[in-house]
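The letter at position 104 of the sequence shown is residue 104 when you use full-length UniProt numbering, and the numbering goes up by one with no holes. Just so it is clear, CB atoms sit at the ideal spot from N, CA and C, and this is done for glycine as well. Quantities reported herein were computed from a predicted structural model and do not represent experimental measurements.
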Amino acid sequence: MHQSIEIDEKIFQDAVKFYGTVFNLPPLASKIYAYLLFDYEKVGITFDEFVEVLSASKSSVSTSISLLLNAQLIIDHNKMDERKRYFFINDEYKKIRFEKIVQKMEDELKLLDDLNNFKKNHDNEYNERIEAYKALLNKNIENIQESLNKL
Numbered sequence: 001m002h003q004s005i006e007i008d009e010k011i012f013q014d015a016v017k018f019y020g021t022v023f024n025l026p027p028l029a030s031k032i033y034a035y036l037l038f039d040y041e042k043v044g045i046t047f048d049e050f051v052e053v054l055s056a057s058k059s060s061v062s063t064s065i066s067l068l069l070n071a072q073l074i075i076d077h078n079k080m081d082e083r084k085r086y087f088f089i090n091d092e093y094k095k096i097r098f099e100k101i102v103q104k105m106e107d108e109l110k111l112l113d114d115l116n117n118f119k120k121n122h123d124n125e126y127n128e129r130i131e132a133y134k135a136l137l138n139k140n141i142e143n144i145q146e147s148l149n150k151l
């Protein structure tokens with residue numbers, strides 16, 4: 001079996017489980033993503049290597065790669081004078097992931113405001129809890145955006 005990168009089986013299995021859950025990926029897509037994490041030198045992994053190393057059918061690997069590309073978790077490149085596509089972890093994904101989280105928190109804040117403006121009765125205890133929750137959302141949005149600027 002030809003492998004262009006060295007992997008640690010336990011870390012690989014942990015990564016498969018973790019990213020499968022975090023990104024809600026099917027098992028093979030999670031394995032492909034986890035495998036790419038070990039490509040520290042950014043040599044890129046070919047389609048054929050995934051088929052061979054993961055003992056999966058070409059159609060399954062193709063479906064999983066398409067899913068990962070569409071989710072922007074991975075990117076592909078063709079090297080000069082070669083037909084082969086090489087796959088890599090999308091380093092921008094960390095940024096994209098947190099931008100999506102910020103967007104969800106901002107959407108929730110707007111929804112909470114809309115609900116509050118619509119509400120007829122004003123229960124002070126409920127309002128205090130909602131304001132505390134909104135403050136938590138706002139603080140997290142600020143912290144994430146500050147960190148995103150450093151990525």
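Continuous beta strand (DSSP E) stretch holding residue i: start and end
{"i": "Ile89", "result": "Arg85 to Ile89"}
Exposure of residue i, with buried meaning 16 or more beta-carbon neighbours within 10 Å
{"i": "Ala132", "result": "exposed"}
{"i": "Val61", "result": "buried"}
{"i": "Glu49", "result": "buried"}
{"i": "Ala135", "result": "exposed"}
{"i": "Ile101", "result": "exposed"}
{"i": "Leu115", "result": "exposed"}
{"i": "Ile11", "result": "exposed"}
{"i": "Phe87", "result": "buried"}
{"i": "Tyr35", "result": "buried"}
{"i": "Tyr126", "result": "exposed"}
{"i": "Tyr40", "result": "exposed"}
{"i": "Val16", "result": "buried"}
Beta-carbon spacing of residue i, residue j below 8 angstroms
{"i": "Ile65", "j": "Asn90", "result": "no"}
{"i": "Gly20", "j": "Ser30", "result": "yes"}
{"i": "Leu37", "j": "Lys95", "result": "no"}
{"i": "Glu99", "j": "Leu25", "result": "no"}
The alpha helix (DSSP H) enclosing residue i, as first and last residue numbers
{"i": "residue 153", "result": "With the chain running from 1 to 151 in the structure shown, residue 153 is simply not present."}
{"i": "Gly20", "result": "Glu9 to Val22"}
{"i": "Tyr35", "result": "Pro27 to Leu37"}
Paired residues, beta bridge with residue i - DSSP
{"i": "Ile45", "result": "Phe87"}
Cβ of residue i within 8 angstroms of any chain B Cβ
{"i": "Glu131", "result": "The chain inventory of the structure shown lacks chain B, comprising one protein chain alone."}
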